[in-house]
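**Q**
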Amino acid sequence: MYETYHSGWIECITGSMFSGKSEELIRRLRRGIYAKQKVVVFKPAIDDRYHKEKVVSHNGNAIEAINISKASEIMTHDLTNVDVIGIDEVQFFDDEIVSIVEKLSADGHRVIVAGLDMDLGANRSNQCLN
11 MYETYHSGWI
21 ECITGSMFSG
31 KSEELIRRLR
41 RGIYAKQKVV
51 VFKPAIDDRY
61 HKEKVVSHNG
71 NAIEAINISK
81 ASEIMTHDLT
91 NVDVIGIDEV
101 QFFDDEIVSI
111 VEKLSADGHR
121 VIVAGLDMDL
131 GANRSNQCLN
């Protein structure tokens, strides 16, 4: 008999502003939806540029998202049957996001984060690079 083991992993989409990070995040999440996977998306409350409850790319593509104020709110949601978790604008969350993403991955989820790799002062963004 064969036993299938499903382990999680982390994908990090980084780049500068207007480089297509949210567009790539939406593309990957939609591929999960097409594959009949359960997908949940989170975005920071501070990001209300286009829509409060959607991740929206600069070219207008969008996907529904849960608006949260801090990283720890992710863990208050029932993610039991979720296959893929997307997190946009990860640089706006506190450093706790790193351990949360690691835990989600260890729990078997595919976690896709998107965010800036540097701030305006060319300082590395710890949330994406840790």
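Going by the numbering used here, the letters in the sequence shown line up with residues 11 to 140, in that order. By construction, the Cβ of each residue, glycine as well, lies at the ideal position given by its N, Cα and C atoms.
1. Identify the residues that DSSP records as bridge partners of Val121: which are they?
2. Could you round the C-beta distance between Glu99 and Ser82 to whole angstroms and report it? I think they count as a contact, below 8 Å.
3. Look at the Cβ atom of Ile56, then the Cβ atom of Phe28, and state whether they are nearer than 8 Å.
4. What did DSSP end up calling Val66 once you bin it into helix, strand or coil?
5. Sort Asn69, Leu89, Asn77, Asp127 by Cα distance to Arg120 and report the nearest one.
6. How big is the Cα-Cα spacing for Glu63 and Ala75?
7. In whole angstroms, what separates the C-alpha of Val51 from that of Thr24?
**A** Checking against the coordinates, here is how it stands:
1. Ile20, Ile95
2. For a cut-off of 8 Å, the C-beta gap from Glu99 to Ser82 is around 16 Å, too long to register as a contact.
3. no
4. strand
5. Checking every option, the nearest Cα to that of Arg120 belongs to Leu89.
6. 5 Å
7. 17 Å
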